[in-house]
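Encoded as structure tokens, the structure appears first; notes follow it.
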Amino acid sequence: MKRVAIIQSGYIPWRGFFAAIALCETFVFFDSVQFTRRDWRTRNAIKTPQGIHWLSVPVQQKGNFQAPIDSIRIADPGWWQSHLKSIELSYRRAAHFQDAFPIVRGLFESVADLPTLSQVNQGMIMALCRALQIETRFLRDVDLLPREAMAAMQPTERLVQLSAAVGAQTYLSGPSAKSYLDEEEFNALGMQVEWMDYGRFAEPYPQVWGDFASGVSIIDTLLNLGLDQTRAIVSA
């Protein structure tokens, strides 16, 4: 069964994001939609001795409040160095720091010269998937349908047409979309909707610094559990 997920790129997302990718033959980056401030597009959380800390990518926001995600540019080319240092200082006592931190460092170095937020997010997600041996095919929404045509569509219609463009039989959606997604529009074109169940990610794993925090970046999972266990979690 050909399954697709269509989601905006996020900054070093949590492990549930990668579990959704692993379930699909195709993943479409949905970055032609409007950029929103202070959300998962530009930031994610790690654990520190002082508690949860947000790593935020600096972007050029002036005059960009209606701009699509894939047009947003990075404001400070040295942003990644401070993020990497924060991760290093916060996780050097983690069980798998020695073997996993070189992977994390390589991840940041691979996107250091990229000028836009989408390129950074997409590059890191795809690099992490390679490390996790996730063989899903990645596409961008604008490679499948004209930007102007998508902008004129209703929310469900966009997702239906993108799913059809990749030959999907099943659209995998996050549970938050239940409030607006019209499954009948998918059914009319011979597709079905599946809902991602994130319940298993409430199960704790060993972390540094205090009580378990579920929704932090997959960087936390890698450094605490190592590559093999992280791979097992997202591919279960």
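Per this note's numbering, the very first residue in the sequence shown carries number 601; after that it's consecutive.
C-beta atoms are modelled at their ideal positions from N, C-alpha and C, and glycine is treated no differently.
message = Quick test of your reading: residue 679 and residue 818, contact by CB under 8 Å. State the CB separation rounded to the nearest angstrom.
response = Not quite, the Cβ-Cβ distance comes to about 19 Å (not below 8 Å), so this is no contact.
Check your understanding: Are the C-beta atoms of residue 761 and some chain B residue less than 7 Å apart?
Key -> The structure shown has no chain B; it contains just one protein chain.
* Asked: When the Cα atoms are used, what is the spatial distance from residue 785 to residue 639?
  -> 29 Å
- Message: Below 6 Å, is the gap between the Cβ of residue 676 and the nearest heavy atom of the ligand SAH?
- Response: Annotation note on the ligand SAH: not contained in the displayed structure, which lists no ligands.
query: What are the start and end residues of each continuous alpha helix (DSSP H) run of 4 or more residues lying completely inside the region 703 to 748, in chain order?
result: 717 to 731
Practice prompt. With DSSP as the reference, please indicate the residues paired to residue 794 in a beta bridge.
Written response: 772
Whose CA, out of 720, 668, 691, 767, lies closest to the CA of residue 820? 691
### Message
Quick check: what's the CA-CA separation for residue 762 versus residue 744?
### Response
7 Å
Can you give me the C-alpha to C-alpha distance between residue 837 and residue 606, rounded to a whole angstrom?
This structure does not reach residue 837, given that the chain is present from 601 up to 836, and the question cannot be answered.
For this session: Would you grab the beta carbon distance between residue 732 and residue 834 for me? Rounded to a whole angstrom, and I think it's under 8 Å.
Result: 6 Å
Original post:
DSSP three-state call for residue 651: helix, strand or coil?
Top reply: strand
Beta-carbon proximity check, residue 657 vs residue 626, cutoff 7 Å
no
key: Cβ separation of residue 699 and residue 810, assumed to be a contact under 8 Å, to the nearest whole Å   = Not quite, the Cβ-Cβ distance comes to about 23 Å (not below 8 Å), so this is no contact.
Rounded Cβ spacing between residue 720 and residue 714 (contact assumed at less than 8 Å): 5 Å
Practice item. Determine the direct distance from the alpha carbon of residue 611 to that of residue 643, and round the result to whole angstroms. Key: 6 Å
_For a quick check, are the C-beta atoms of residue 747 and residue 632 less than 7 Å apart?_
yes
Rounded to whole angstroms, what is the Cα-Cα separation between residue 635 and residue 755? 15 Å
What is the rounded straight-line gap between the Cα of residue 758 and the Cα of residue 670? 17 Å
Using the beta-carbon count (16 or more within 10 Å), is residue 601 buried or exposed?
exposed
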